[in-house]
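Q: Structure provided below as structure tokens; questions to follow.
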Amino acid sequence: MFTFFKSQKQKEVHLDQVPKHIGIIMDGNGRWAKKRMQPRVMGHKAGMDALQRVTIEASNLGVKVLTVYAFSTENWSRPEDEVAFIMNLPVEFFDKYVPELHKNNVRVQMIGDSSRLPKDTIDAMTRALETTKHNSGLVLNFALNYGGRAEITEAMKAIAQDVLDAKINPGDITEDLISNHLMTNHLPYLYRDPDLVIRTSGELRTSNFLPWQIAYSELYFTDKMWPDFDELALKEAIAEFNQRHRRFGGV
Ligand code: FPP
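Letter by letter, the sequence shown follows residues 585 to 835 in the working numbering.
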């Protein structure tokens, strides 16, 4: 349906089917900066530009949900000044990037434990969520202070409490019920689980990113550092996705 040409080699990138939900582990910002003799935080700044480009392109292609791993529960162990810089990114994000996203009908949402986030970070994210809440286009879903095992643990506690309160029986616990207790339960039912997960920078792990939701996702790894990931790179990942045959355990 979509045909694109790579700028230099003019190689065709043909996209038959666009994944409805793409998850991205945006890795390699620090290494990208180091290679340029810049402080690591400059990599995060360039990473924001990459995120903006990719979000607009994904929206143009018809992707419904883009869930991006912006900060994991393990990232607190980074140097204090780097954590402070990342925590300030939502403030910059709101001023510099949200207006264009809003114009493109993008809706911003968030998953993760916001209780540990600084007030300014929460305020900026809340403003982004509020400003875009009536938009009906792509959902840009930030995983911020997110950890998949913690998410599943919290879901289990809530379900156990419902059993204890005799609201449900253990026999009522189904995969759907568990899915309804995860942080992604605000997403449209059909698009809750990523069809495709992209990880940049050559690391071959999923690092506690949506462990329940990506059980059947296609995984795509690229050596590109996140700040170098662009529109063409996204289309190449989708073209690769089109080559895979998703059988969901069937034949
Ligand atoms: C991983 O690279 C990247 C991050 C931990 C942060 C990514 C965040 C953004 C790109 C923007 C988020 C935007 C908002 C609004 C919250 P790394 O530092 O682990 O790179 P390295 O592996 O090379 O060290």
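Note that the Cβ used here is the ideal one computed from N, Cα and C, for glycine as well.
No experiment lies behind these values; they were computed from the predicted model shown.
Under 8 Å, with one C-beta from each stretch per pair, do the segment 683-700 and the segment 715-727 reach the 3-pair mark?
A: yes
Q: With DSSP run on the structure shown, which of helix, strand or coil describes Ser656?
A: Residue numbering aside, residue 656 sits at position 72 when the sequence shown is read from its first letter. Here Ser656 carries a strand assignment [DSSP, helix/strand/coil].
Q: Just tell me which of Gln797, Tyr804, Arg776 has its CA closest to the CA of Arg789.
A: Numbered from 1 along the sequence shown, position 205 holds the residue referred to as residue 789. Closest by alpha carbon: Tyr804.
Q: Measuring only from the beta carbon, is Pro674 closer than 6 Å to any heavy atom that is part of the ligand FPP?
A: Here residue 674 refers to the residue found at position 90 when the sequence shown is read from its first residue. Pro674 Cβ: within cutoff of the ligand FPP.
Q: May I ask you to report which of helix, strand or coil DSSP gives His770?
A: Numbered from 1 along the sequence shown, position 186 holds the residue referred to as residue 770. Looking at His770 - three-state DSSP - the assignment turns out to be helix.
Q: Measuring only the C-alpha atoms, how far is Phe677 from Pro683?
A: In the sequence shown, counting from the first residue as 1, residue 677 sits at position 93. In the sequence shown, counting from the first residue as 1, residue 683 sits at position 99. Taking the straight line from one Cα to the other gives about 9 Å.
Q: Once DSSP output is grouped into helix, strand and coil, what is the label at His765?
A: Here residue 765 corresponds to residue number 181 of the sequence shown, with the count starting at 1. Coil.
Q: Taking the alpha-carbon positions, what's the Tyr773 to Ala799 distance?
A: Sequence index remark: in the sequence shown, residue 773 carries index 189 (1-based). Sequence index remark: in the sequence shown, residue 799 carries index 215 (1-based). When rounded, the distance between both Cα atoms is 16 Å.
Q: From which residue to which residue does the beta strand (DSSP E) around Ala727 run?
A: Locating residue 727 in the sequence shown gives position 143, counting from the first residue. Ala727 -> beta strand (DSSP E) spans 723-730.
Q: Going by DSSP, name the residue or residues bridged to Leu650.
A: Stepping through the sequence shown from its first residue, residue 650 is reached at position 66. DSSP output for Leu650 lists Ile606, Leu724 as bridge partner(s).
Q: State the start and end residues of the unbroken alpha helix (DSSP H) segment that holds Val690.
A: One-based indexing of the sequence shown puts residue 690 at position 106. Under the DSSP assignment, Val690 falls outside any alpha helix (DSSP H); it carries neither an H nor an E label.
Q: What does DSSP give as the partner residue(s) for Phe805 in the beta ladder?
A: Start at 1 with the first residue of the sequence shown, and residue 805 comes out as number 221. Answer is Arg783.
Q: Could you check the C-alpha separation between Leu816 and Leu722 for me, to the nearest Å?
A: Locating residue 816 in the sequence shown gives position 232, counting from the first residue. Locating residue 722 in the sequence shown gives position 138, counting from the first residue. Their Cα atoms are separated by approximately 19 Å.
Q: Among Thr806, His686, Arg711, Ile670, which has the Cα closest to the Cα of Gly614?
A: Taking the sequence shown and counting its residues from 1, one reaches residue 614 at position 30. Among Thr806, His686, Arg711, Ile670, the Cα nearest to that of Gly614 belongs to Ile670.
Q: Measuring only the C-alpha atoms, how far is Asp600 from Phe825?
A: Within the sequence shown, residue 600 is the residue found at index 16, counting from 1. Within the sequence shown, residue 825 is the residue found at index 241, counting from 1. Taking the straight line joining both Cα atoms gives about 10 Å.
Q: Can you tell me whether Arg733 is buried or exposed? The criterion is at least 16 other CB atoms within 10 Å of its CB, across all chains shown.
A: The sequence position of residue 733 within the sequence shown is 149, counting from 1. With fewer than 16 Cβ atoms within 10 Å of its Cβ, Arg733 is classed as exposed.
Q: Leaving out the 5 sequence neighbours to the left and right, which residues in its chain are closer than 8 Å to Val667 when beta-carbon positions are compared?
A: In the sequence shown, residue 667 corresponds to position 83, counting from 1. For Val667, where only same-chain residues beyond five positions count, the Cβ hits under 8 Å are Asn659, Trp660.
Q: Between which two residues does the alpha helix (DSSP H) holding Ile838 run?
A: In the structure displayed, the chain extends from 585 to 835; residue 838 sits before or after that span and is not available.
Q: What do you get for Gly665, buried or exposed, if any count of 16 or more other CB atoms within 10 angstroms of its CB means buried?
A: Your numbering for residue 665 matches position 81 in the sequence shown. In the sequence as displayed, the identity of residue 665 is Asp instead of Gly. Answer is exposed; the Cβ neighbour count stays below 16.
Q: Return the chain-ordered list of same chain residues with a C-beta closer than 8 Å to the C-beta of Phe793, the five sequence neighbours on each side being excluded.
A: For the purposes of this step, residue 793 is taken as the residue at position 209 of the sequence shown. Same-chain partners within the cutoff: Gly607, Ile609, Tyr653, Ser656, Ala727, Tyr730, Gly732, Val781.
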